[in-house]
Amino acid sequence: MKFNCVIDTCSFIYLHRVTCNRKSLLSYLKNATNLILSPEVNVEIRDHLLDGMPSNEERKRFVKIARKHSIPEYERRIAGKTYSPRERNKGEIDNFIISIDQVHHFKRIGVIFLTDDSNCLRGILKECSIAFPTIKIWTSYEVVLFLYIERVIPSIDLASDAIGDLISSTAPKPAERTMEYTQKLIKLRAEYESKLKTVSKIF
Amino acid sequence: MSTLNDLNLRFNPFRDLTPDVANNHLFWAGLPDLKARIERSYSDCLNNKAKHINLNWGPYGGGKTFTANYFVTKNFTQPNITQIYIRSPKDGTKATDEFFKSILDSLSFSRIKSHIEFLVNNTNPDDFRNFLITRARSEEFADAIIKLGSTDPEISNLMRSYVYSGVTKTELKKLGLARDLQTDTDSVKFLSGLLSCFVGDGTFYDGRIFLWIDEMEDLIYYSPKNYKVFSQVLRDLFDYIPNSFVSFLNFTLAEGEEKTIELILGGAVWSRITRKIRFKELTSQDATLYCEDLIRHAQLNANGLSPFTANVIQSIIGLISSNNITPREINRYFSSVITFAMQNNHTTVDLSIVAAWQVDFQEDN
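Protein sequences appear in the order of chains A and B. Quick note: the first sequence uses the numbering used here, first residue 316, plus one each step. Quick note: the second sequence uses the numbering used here, first residue 709, plus one each step.
Put into structure tokens, the structure is as follows:
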């Protein structure tokens, strides 16, 4: 049985950009989990389609819709309003709705809400993200841990490089960097290095 | 509104929140142990031709960049000292190129030209060429370095292009060289040869190089692929210059341990570090000495701690969070007090003025 990974646009792009043994982390994740997209995120990804990304046709397989309520009805209940297509935060909210629906309507277990948009988790999804304990929240860094635990990434050095590549590929331009952000990244790098070492003990 | 002179100050000694190389008042205040540790590296190199790779690490605002500026602009009595200050390259994809050009800029092309010209004119040509071949590990780059000292304006202009932007095959032919600087390895070889000219072999020239690389924490932004290339460049450079060379790597780490720095710098660079100098948060005692030294240095007329008193200094330091007492925070607080005192037409700073300033300061922060 595979995990069900509801993936956000930014994570989809980041994981596509980073490679390990000449394959993108996204392609490894696609094989190791059931990738799921809300219709809105599927449209957002279409706007950022890069060479080698799953095509529009292939992504159709990943798109799920909500069953217990319609997505607009879920939006109204969770966010207090319905969102227009392309409206800010709609992708994240709809993905979270799909996550809830997958767990609590379809009774799927092992549902992961994957996003690298920390603003969204601190903002619009702040209450939801702590109110549904069955949904695990991951960033792309957790994907690297997962792929390493599953030995899809075969060595700690490659996993460590993948963490470094994720940091590098998501970094702001030099002029936009701040000392606080740099320190946050250094701390994050050290934390995930420590987590990789912990994981390596089970092998 | 009063002036700095009314406060018995020639200038505001706390004005720099970020170090300013153009500041004519660069003055080392307090922290005698820290200064002594840096000075030891300098004197060991100056007196014993030693080679050191120092890691200076500590919190943001802890004085690492100031220390670089202070020592780089300091006048030493010994001759033939070359001081280079650069920041770590920001773009990992072009790190080697940026590093190479930053060093050339810091040295300046005109200084490089005149120095090589001096060496060419005062050394046996074969000996100098052989020396360069050993250090640059390339005959082609040894010849290119010699051409940097050419007095022919056309050759000199072409060599400027050679190091900064590259030259065409026709221009290479005109220079009588077979190879341009194409790869990172080429750049390192050329740089090693060039820097060796500022060290010499103790016979035709006896120099010392002090290379400061600031903001090494920016290596966190490099992809592992780019990082490996750049760390190899640093490693080769450190290895190719055998002596009379000191490098200081400044690394800001807000929280964490040395092993975090090792992770970011990587084993190749980490294993070459010979000294680790910690820029710690200041104790209250350190902070007091720092303030007293700065105030005395800036006083118009020597008069105790005027315009402050020992009590006032203590009370201001006491307002800074105890885990964040750094020179930058101290400067921020004291600079604000001085500005407040001037704006309110005071000529001294007493506890009542500090109390009134504190209300203002808390509102603004």
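Ideal placement from N, C-alpha and C gives every residue a C-beta, glycine not left out.
Exposed unless 16 or more other CB atoms sit within 10 angstroms - verdict on residue i
i, result
"residue 786/B", "exposed"
"residue 843/B", "buried"
"residue 380/A", "exposed"
"residue 739/B", "buried"
"residue 1067/B", "exposed"
"residue 367/A", "exposed"
"residue 803/B", "buried"
"residue 965/B", "exposed"
"residue 420/A", "exposed"
"residue 395/A", "exposed"
"residue 1035/B", "buried"
"residue 505/A", "buried"
"residue 974/B", "buried"
"residue 807/B", "buried"
"residue 385/A", "exposed"
"residue 945/B", "buried"
"residue 1054/B", "buried"
"residue 779/B", "buried"
"residue 850/B", "buried"
"residue 382/A", "exposed"
"residue 495/A", "exposed"
"residue 1049/B", "buried"
Residue(s) in a DSSP beta bridge with residue i
i, result
"residue 953/B", "759/B, 917/B"
"residue 765/B", "959/B, 986/B"
"residue 795/B", "922/B"
"residue 338/A", "335/A"
"residue 717/B", "1007/B"
"residue 928/B", "Answer is none; residue 928/B lacks a bridge partner."
"residue 896/B", "BP columns for residue 896/B are empty, so no partner."
"residue 790/B", "917/B"
"residue 378/A", "352/A"
Delimiting residues of the alpha helix (DSSP H) encompassing residue i
i, result
"residue 824/B", "817-830"
"residue 389/A", "386-394"
"residue 496/A", "494-515"
"residue 1021/B", "1018-1027"
"residue 1059/B", "1059-1072"
"residue 476/A", "471-484"
"residue 932/B", "932-948"
"residue 872/B", "861-872"
"residue 1041/B", "1035-1051"
"residue 849/B", "847-855"
"residue 778/B", "772-780"
"residue 968/B", "966-973"
"residue 356/A", "354-362"
"residue 418/A", "405-419"
"residue 371/A", "371-375"
"residue 878/B", "877-883"
"residue 442/A", "441-446"
"residue 842/B", "833-844"
Same chain, Cβ closer than 8 Å to residue i, neighbours up to 5 away in sequence not counted
i, result
"residue 400/A", "355, 358"
"residue 969/B", "763, 765, 959, 961, 978"
"residue 853/B", "824, 840, 844, 898, 901, 902, 905"
Own chain partners of residue i with C-beta closer than 7 Å, once the 5 adjacent residues on each side are dropped
i, result
"residue 361/A", "371"
"residue 1081/B", "Because chain B spans 709 through 1073 in this model, residue 1081/B falls outside it and cannot be assessed."
"residue 878/B", "none"
"residue 1003/B", "721, 1013, 1016"
"residue 519/A", "For chain A, the structure presents residues 316 to 518; residue 519/A sits outside this window and is missing."
"residue 811/B", "792, 794, 899"
Run of the beta strand (DSSP E) containing residue i, from where it starts to where it stops
i, result
"residue 319/A", "318-322"
"residue 452/A", "451-453"
"residue 351/A", "348-351"
"residue 427/A", "426-429"
Contact set for residue i: own chain, Cβ-Cβ below 6 Å, skip 5 residues either direction
i, result
"residue 325/A", "431, 432"
"residue 449/A", "418"
"residue 387/A", "397"
"residue 473/A", "335"
"residue 507/A", "456, 478"
"residue 1006/B", "717, 718, 719, 721"
Review point. When Cβ atoms are compared, which residues of the segment 959-993 of chain B fall closer than 9 Å to chain A?
Key: 960, 961, 962, 963, 964, 965, 967, 968, 969, 971, 972
Review point. Listed in chain order, which residues of the segment 352-371 of chain A have Cβ atoms closer than 7 Å to some Cβ of chain B?
Key: none
Check your understanding: Which of the residues in the segment 766-784 of chain B, read from start to end, lie with their CB under 8 Å from any CB of chain A?
Key -> 768
Exercise for review: Scan the segment 501-517 of chain A for residues whose Cβ lies nearer than 8 Å to a Cβ of chain B and list them as they occur along the chain.
Suggested key: 501, 502, 504, 505, 508
Practice item. Taking a Cβ distance cut-off of 8 Å, strictly less, list which residues of the segment 1028-1042 of chain B are near chain A, in chain order. Key: none
Review point. The segment 911-930 of chain B: which residues have C-beta closer than 8 Å to a C-beta of chain A, in chain order?
Key: 925, 926, 928, 929, 930
Review point. Looking at chain B, which residues of the segment 450-480 of chain A have a Cβ within less than 7 Å of any of its Cβ atoms?
Key: 476, 479, 480
**Study point:** Within 7 Å of chain B by C-beta, residues of the segment 407-418 of chain A in sequence order
**Key:** none
Exercise for review: Check each residue of the segment 785-816 of chain B: if its Cβ is closer than 7 Å to any Cβ of chain A, include it; give the result in chain order.
Suggested key: 798, 799, 800
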